[in-house]
Structures are given as C-alpha cells and as structure tokens.
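This report refers to the structure that appears directly beneath it.
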Amino acid sequence: EQRGIKTFPAVVKLLQNVQKHRGLNAAVLSGNAGMVGARNAMTQDVNMAFRDMASLASTHAVLDLGGSLSALDKQWGTLREECDKLSPKDSFTRHTALAAAVIEFGVFVADRSGLTLDPDPAGYYLMDAAVVKLPALTEDLGKARALGTAALTRKTVATEEKVKLTALYAAAAARGSRS
C-alpha cells in the first residue's frame with residue numbers, strides 16, 4: 119500500500135496537467151494566440167509529469183507500471199506532436215481519451231499496490247474517493263473548462279457545446295452528491 123500512496127500523487131499531477139493542456143489547447147485552436155505560450159509551458163509540465171511518473175515507476179519496479187506508463191507516454195507523444203494540426207473537437211476528444219487513460223492508470227496503480235484491497239472500510243472508502251471518485255469529478259470539470267474556454271475564445275456557444283456543458287454540470291453535481 120505504501121508504494122501506491124507514494125506513487126498516486128504523481129498520477130494526480132499528470133491528470134491535472136493533461137486536463138490543463140486540454141483547456142489551453144482548446145483556447146489556442148479556437149483562435150486565442152495569446153494562450154500559445156501558456157499552452158507550450160503546460161506541454162513541458164505534462165512532459166515533466168511523465169518523467170516524474172517514470173522515475174517513480176522505476177523506484178517502485180515491483181508494481182510493474184512500466185508497460186502501462188509507456189503506452190500512456192506514447193499516446194501523449196502522438197497528441198503532443200499533432201495538437202496544432204487538430205480541430206478543436208478532435209483535440210478535445212483525444213485529450214479526453216488520454217485523461218481517461220490516466221484515470222485508468224491510477225486505478226491500475228491502486229490495484230498493483232494493494233490500495234484497493236484495504237480491509238478497513240474507512241481506508242477503502244478513502245481510497246475509493248481519492249482514486250476513483252475525485253479523478254472522475256475533476257475530469258467532468260476539466261471537460262467543462264475546455265469547452266467553456268473554447269466558447270469564450272470564439273465568443274459563441276454551439277448547441278452541441280451547450281448540451282455537453284449541461285450534461286457535464288449534471289454529472290459533476292451527481293458525483294458531488296454521492297461523495
């Protein structure tokens with residue numbers, strides 16, 4: 119369990135940085151050239167988060183995280199190289215897929231380290247909140263941030279975006295009421 123506890127904050131940082139990158143890239147692709155510098159800086163932050171994760175995976179080799187982390191890093195590398203060439207919708211979809219994969223990786227870390235097997239109910243519920251519920255909630259909010267940023271940059275909200283934002287608000291509210 120201790121290996122998971124020591125590793126999981128790096129997973130959270132990686133998820134947060136991917137989510138921030140999604141929002142900043144949405145602004146850039148929607149026409150806000152003033153956000154290019156912030157987006158590029160966040161690109162470096164995501165790269166650093168992957169390096170930090172790789173270092174922890176090496177330190178805690180017994181968890182055997184390397185293969186899963188390598189697949190995530192490859193997914194990020196492809197997205198990073200193509201992010202300026204994507205439509206805002208494709209960028210959103212691909213960033214969202216990467217964020218979902220990072221969340222799944224967090225669950226994998228919890229499983230491999232034994233965090234999900236905590237026999238104490240209080241410990242289990244704490245782990246469930248930290249590993250499953252809160253990342254899902256932050257992902258709903260991160261998606262809303264990216265959609266909202268793009269809409270603000272364009273100064274218009276498409277009907278499809280209104281529907282997505284309403285659904286994300288409802289999902290976040292439901293997740294919050296179940297916590």
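Residue numbers (our numbering): 119 to 297.
For every residue, glycine included, the Cβ atom is placed at its ideal position computed from N, Cα and C.
Which residues in the same chain have their Cβ closer than 7 Å to the Cβ of ASP163, if we skip the five residues on either side of it in sequence?
Within the sequence shown, residue 163 is the residue found at index 45, counting from 1. These residues qualify, in order along the chain: ASN135.
Chain C beta carbons: is any one of them nearer than 7 Å to that of THR274?
Included in the structure is just one protein chain, with no chain C present.
If we count Cβ pairs, one from each stretch, closer than 8 Å, do we get three or more for the region 232-242 versus the region 195-214?
no
Measure the alpha-carbon distance for ASP238 versus GLY260 and round it to whole angstroms.
As a working mapping, residue 238 is identified with position 120 in the sequence shown. As a working mapping, residue 260 is identified with position 142 in the sequence shown. Computed Cα separation, rounded: 32 Å.
How many angstroms separate the CA atom of VAL250 from the CA atom of GLY152?
If you number the sequence shown from 1, residue 250 lands on position 132. If you number the sequence shown from 1, residue 152 lands on position 34. Distance between the alpha carbons of VAL250 and GLY152: 35 Å.
What number of angstroms, rounded off, separates the C-alpha of ALA254 from the C-alpha of THR214?
Numbered from its first residue, the sequence shown carries residue 254 at position 136. Numbered from its first residue, the sequence shown carries residue 214 at position 96. ALA254 and THR214: Cα-Cα distance of roughly 11 Å.
In this structure, does DSSP put HIS178 in helix, strand or coil?
Working through the sequence shown from its first residue, we reach residue 178 at position 60. Note: HIS178 maps to coil in three-state DSSP.
Suppose you measure from the CA of SER209 to the CA of LYS203; what does that come to, to the nearest Å?
Your numbering for residue 209 matches position 91 in the sequence shown. Your numbering for residue 203 matches position 85 in the sequence shown. So the alpha carbons of these two residues sit roughly 9 Å apart.
Could you check which residue in ARG140, MET166 and ASN165 has the C-alpha nearest to that of VAL154?
On the sequence shown, position 36 is the one that residue 154 refers to. Comparing Cα positions, the closest option is ARG140.
Since I believe ALA175 is in contact with LEU187 (beta carbons under 8 Å), could you give me their beta-carbon distance rounded to a whole number of angstroms?
Here residue 187 is taken as the residue at index 69 of the sequence shown, counted from 1. Here residue 175 is taken as the residue at index 57 of the sequence shown, counted from 1. Contact holds; Cβ gap of about 5 Å.
Give the single residue among MET160, GLY241 and GLY185 whose Cα lies nearest to the Cα of GLN137.
Reading the sequence shown from its first residue, position 19 is the one you call residue 137. The shortest Cα separation from GLN137 among MET160, GLY241 and GLY185 belongs to MET160.
Between PHE168, ARG230, ARG157 and ASN165, which has its C-alpha nearest VAL180's C-alpha?
Start at 1 with the first residue of the sequence shown, and residue 180 comes out as number 62. Here the closest residue by C-alpha is ARG230.
Suppose you measure from the CA of LYS282 to the CA of ARG157; what does that come to, to the nearest Å?
Here the question's residue 282 lines up with position 164 in the sequence shown. Here the question's residue 157 lines up with position 39 in the sequence shown. About 23 Å.
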